[in-house]
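A.B. asks: So the protein sequences, as listed, match chains X and Z.
Per my numbering, the very first residue in the first sequence carries number 1; after that it's consecutive.
Per my numbering, the very first residue in the second sequence carries number 1001; after that it's consecutive.
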Amino acid sequence: MDILQALLNGFGVALEPLNLLLVVLGCLVGTLIGVLPGIGPISGVALLVPLTFALKMPPESAIILLAGIYYGAMYGGSTTSILLNIPGETSSVVTALDGHKLAKQGQAGPALAMAAWGSFIAGTLSVVGLMTLGPLLAQWAIRFGPAEYFALMVFGFSTLSALAGKNLFKALIATGFGLMLATVGQDPQSGISRYTFGFLQLEDGMDFLVVAIGLFAVSEVLMLLEEKTPGAVRAQVGRIYLSLRDFMASLLTILRSSVLGFLIGVLPGAGASIASFVAYTTEKRLLGAKARFGEGDLRGVAAPESANNAAAGGAMIPLLTLGLPGSGTTAIMLGALISLGVTPGPQMFQKNPEVVWGLIASMYVGNAVLLLLNLPLVGLFVRLLAVPSWFLIPAVLAISFIGVYAVNNNPFDLLLMAVFGLVGYLMRKLEFPLAPVLLGLVLGYLMEINLRRAMTISNGDVGYLFSSPIAIALWVLAALSLFAPALIARFRKQGLGGDDEL
Amino acid sequence: MTDRIVGALFFLLAVGYALEASRMQVGFLSDPLGPRPFPYIIAVLVGLSALWLLFKPDPEPDWPPRRFWPVLGLVLLSLVAYAYLIVPLGFIVTTTLEMTLLAVLFGARWWQGLGGALAFTLGIYLLFTQGLGVSLPAGRIFG
């Protein structure tokens, strides 16, 4: 199908009044989450999924809303990095280096404007990339059989494990733990109960939302309780403007970082956080003495902010075309789509074009909305920081309760949420990455089903898993990616770590 | 030391997980692979990684000060109580109490916390039940 025709149809979906409202809502919530430190995009997306179920939203509307939160948070994260040196999200940690220096020199306005424009350009370019590369990849992946899918998921898990945490083995344990959770409940093929230990509530398996909200939102609250975050803060924004000269001086940095961020975003496991620090260090090296990175250079804001937005767009490619999410946030989107009756993957481009193209078109709209939200209205969001944390954090928890309860109308899920809250807290303390748990839980079922289908086709011959060139290539890539941590360690020595909250 | 303990615990978890898989009764209607091998693969992955952790632990994590543990225990206990009480007492009462407790732990005066919690809980209760059609327990003791 012609891309332009498809995109036109997509705009037809995205511009329906409900969907237009949801793009704006998603971007607004995303910006809020981005601005408020302590609440990450994963919690934000997880908290709004039950709402999409409760309102019986069609899948395209649900994904439009959830994606808006995801890339919206990338915009908002820079605000507090620049103004207060408190990154709103892990993907904006690097932005604080030059951004806050600029703010201290009275240049907060240009820095914020640069972050917004960089985000806008990168976000828009990444949608163009998604639009052109997505269908190609889908066409190629449509020939994947169960053996290729199984290998693809192994590849996804190994890159995620390699990139998500500081310790590869802790990441592997986290992945395995998630897969263990996925096997709880009725076995998809033989119908016997596995690992339910007599709990009827577990027959249908563990709900990914309950685990996600416990693991991320509740444990976040516990961490904040321990850190006793400084309460309300007030920050001055000043006038948001960017001179044409400054903009032109940073344009190349924005474009380079967009491409880099997009490519990193496509890779499973390497999300916005890694993209932002790779882009920053790359630009620092490229520009050398021509720039004053670390002392307050606008390009030091442009690079990470462009890269993290491009990465958010790039991350949609494996999610939409392969059904392989690369991060915790996209894993929740996958789970939500499956619950709504749409299985992301190459067939989705043909079976549910309204979901794919509606989402793509909505991302063009969303990026424009975000530019508006972040340029003239940034002062309003900053004022929210004056809300005391003793009100804000319990309020987030109260909304989590509704989210968890609304999934099955069952208080047992609240109990499960509390357990995973503790698990998440301990995992954070011990530096186990959390995203692999969620990915294991969401993908475990598909992984096992594909393995068993493959074995049914081959009548139990394990060699079948390695019988096609694509499968072999994926196995080799999976093995190679386990060596990535050694390479990453070099970057990490500079004190810039990625985090798993992608 | 912590990592060694965690490694040992995950190793035991993997062993228990595999043992549980081996005890599964499979009927005749299963596929060639059956429900057991996938859990075995996971058990091997977790078991080996856990052993690695047992022998090559990371440095100690920075644990919170000792006085934080009772606070953490209190919050977790309150969450468990919340799960048991939400149906009998209803969403509004339980959520207000939980939010108040947390607000106080975050440094609010109790009356500040209670006021904010009650207002917010009432607001979201109305928004979700009336506005968005989500059903939340009204409380058995009230009706």
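For glycine and all other residues, C-beta sits at the position ideal for the given N, C-alpha and C.
This one's a predicted model, so the numbers in the text were calculated from it and none came from an experiment.
#1: Using a Cβ cut-off of 7 Å, pull out every chain Z residue sitting near residue 415 of chain X, in sequence order please.
#2: Can you find a CB in chain X that lies within less than 8 Å of the CB of residue 1139 of chain Z?
#3: Leaving out five residues before and five after residue 1039 of chain Z in sequence, what residues of the same chain have Cβ atoms less than 6 Å from its Cβ?
#4: Would you say residue 467 of chain X lies against chain Z (beta-carbon separation less than 8 Å)?
#5: Using a 10 Å radius around the Cβ and a threshold of 16 neighbouring Cβ atoms, would you call residue 2 of chain X buried or exposed?
#6: DSSP state of residue 500 of chain X, grouped into three classes?
#7: Beta-carbon within less than 7 Å of residue 297 of chain X's beta-carbon, same chain only, minus the 5 sequence neighbours each way: which residues are those?
#8: Starting from the N-terminal side, write out each stretch of the beta strand (DSSP E) that is 3 residues or longer and does not extend beyond the region 113-140 of chain X.
#9: Applying the 10 Å Cβ sphere with the 16-neighbour rule, what's the burial state of residue 117 of chain X?
#10: Leaving out the 5 sequence neighbours to the left and right, which residues in its chain are closer than 7 Å to residue 499 of chain X when beta-carbon positions are compared?
#11: Quick one: measure Cβ to Cβ for residue 216 of chain X and residue 434 of chain X, integer angstroms, because I've assumed they're closer than 8 Å.
#12: Taking 8 Å as the threshold (C-beta atoms), are residue 418 of chain X and residue 1053 of chain Z in contact?
#13: Count the other C-beta atoms from every protein chain shown that fall within 10 angstroms of the C-beta of residue 1135 of chain Z, then say buried if there are 16 or more, exposed otherwise.
#14: Taking a cut of 8 Å between CB atoms, which residues from the region 1107-1120 of chain Z lie near chain X?
#15: How is residue 1140 of chain Z classed by DSSP in three states: helix, strand or coil?
#16: Mind listing the chain X neighbours of residue 1133 of chain Z? Cutoff is C-beta to C-beta under 8 Å, in chain order.
#17: Could you give the C-beta distance for residue 337 of chain X and residue 346 of chain X, rounded to a whole number, given that I count them as a contact under 8 Å?
#18: At the level of alpha carbons, what is the spacing between residue 496 of chain X and residue 307 of chain X?
#19: Just verifying my parser: in three-state terms, what is the DSSP assignment at residue 495 of chain X?
#20: At least one CB of chain X closer than 8 Å to the CB of residue 1122 of chain Z: is that the case?
#21: Name, please, each residue of chain X whose Cβ falls closer than 9 Å to the Cβ of residue 1053 of chain Z.
#22: Under 8 Å: do the region 414-432 of chain X and the region 152-160 of chain X share three or more Cβ pairs, one atom per stretch?
#23: Flag residue 1068 of chain Z as yes if its beta-carbon sits less than 8 Å from any beta-carbon of chain X, otherwise no.
#24: Consider the Cβ of residue 158 of chain X: report whether some Cβ of chain Z lies at a distance smaller than 8 Å.
#25: In three-state terms, what does DSSP make of residue 1022 of chain Z?
#26: In this structure, what does DSSP give as the bridge partners for residue 193 of chain X?
#27: Kindly indicate if chain X contains any beta-carbon less than 8 Å away from that of residue 1040 of chain Z.
#28: Output yes or no for whether 8 Å exceeds the beta carbon distance between residue 398 of chain X and residue 1095 of chain Z.
#29: Going along chain X in order, which residues have a C-beta closer than 7 Å to the C-beta of residue 1001 of chain Z?
#30: Please tell me whether residue 431 of chain X has its Cβ less than 8 Å away from any Cβ of chain Z.
#31: Mapping the DSSP letters down to three states, classify residue 17 of chain X as helix, strand or coil.
#32: Considering Cα atoms alone, identify which of X:28, X:42, X:83 and X:39 is closest to residue 68 of chain X.
#33: Establish whether the CB of residue 1087 of chain Z and some CB of chain X are separated by less than 8 Å.
#34: Which residue's Cα is closest to the Cα of residue 318 of chain X: X:351, X:263 and X:16?
#35: Where does residue 1063 of chain Z sit, in a helix, a strand or coil, going by DSSP?
#36: Specify the secondary structure class of residue 374 of chain X as computed by DSSP and reduced to three states.
C.D. replies: With the structure as the only source:
#1: Simply 1080 and 1083.
#2: False, the Cβ-Cβ gap to chain X never drops below 8 Å.
#3: Its chain contains 1021 as the residues whose beta carbon lies nearer than 6 Å to that of residue 1039 of chain Z, once the 5 sequence neighbours on both sides are disregarded; these appear in chain order.
#4: It does not: the Cβ of residue 467 of chain X has no partner Cβ on chain Z nearer than 8 Å.
#5: Exposed, since its Cβ has fewer than 16 Cβ neighbours within 10 Å.
#6: Interpretation of residue 500 of chain X is limited by its pLDDT of 40, a score under 50 that renders its predicted location unreliable; no figure is taken from the coordinates.
#7: Answer for residue 297 of chain X: 98 and 291, listed in chain order.
#8: Counting only runs of 3+ residues, no beta strand (DSSP E) is found wholly inside the region 113-140 of chain X.
#9: Residue 117 of chain X comes out buried.
#10: In this predicted model, residue 499 of chain X has a pLDDT of only 44, less than 50, meaning its place in the structure is not dependable enough to derive any value.
#11: With 8 Å as the limit, residue 216 of chain X and residue 434 of chain X qualify as a contact, their Cβ atoms being about 6 Å apart.
#12: No.
#13: So residue 1135 of chain Z counts as exposed.
#14: Here the close residues are 1107, 1108, 1112, 1113, 1116, 1117 and 1120.
#15: Helix.
#16: Under a criterion of Cβ atoms nearer than 8 Å, the residues of chain X adjacent to residue 1133 of chain Z are, in order, 54 and 55.
#17: In fact, because the Cβ distance is near 14 Å, the residues do not count as touching under 8 Å.
#18: With a pLDDT of only 47 at residue 496 of chain X, under the threshold of 50, the placement of this residue in the model should not be trusted; the figure read from the coordinates follows. Roughly 15 Å separates the two Cα atoms.
#19: In this prediction, residue 495 of chain X has a pLDDT of 47, which is less than 50 and means its spatial position is unreliable; what the coordinates show is noted afterwards. Here residue 495 of chain X sits in coil by DSSP.
#20: Residue 1122 of chain Z is outside the set of residues whose beta carbon lies under 8 Å from a beta carbon in chain X.
#21: What residue 1053 of chain Z touches in chain X, judged by beta-carbon distance under 9 Å, is 167, 169, 170 and 173, going in chain order.
#22: No: fewer than three Cβ pairs fall under 8 Å.
#23: At a cut-off of 8 Å between C-beta atoms, residue 1068 of chain Z counts as an interface residue with respect to chain X.
#24: Not one chain Z Cβ lies under 8 Å of residue 158 of chain X.
#25: The DSSP-derived three-state label of residue 1022 of chain Z is helix.
#26: Per DSSP, the beta bridge partners of residue 193 of chain X are X:186.
#27: It does not; no Cβ of chain X falls within 8 Å.
#28: Against a cut-off of 8 Å, the Cβ pair of residue 1095 of chain Z and residue 398 of chain X comes out as a contact.
#29: For residue 1001 of chain Z, no chain X residue has a Cβ inside 7 Å of its Cβ, as the nearest lies near 12 Å away.
#30: Interface flag for residue 431 of chain X against chain Z is set, since a Cβ pair is found closer than 8 Å.
#31: Assignment of residue 17 of chain X by DSSP, reduced to helix, strand and coil, places it in the helix class.
#32: Put simply, of X:28, X:42, X:83 and X:39 the residue whose alpha carbon is nearest the alpha carbon of residue 68 of chain X is X:28.
#33: Interface residue, yes.
#34: Of X:351, X:263 and X:16, the residue nearest in Cα terms is X:263.
#35: Of the three classes helix, strand and coil, the one that applies to residue 1063 of chain Z here is coil, per DSSP.
#36: Three-state DSSP puts residue 374 of chain X in a helix.
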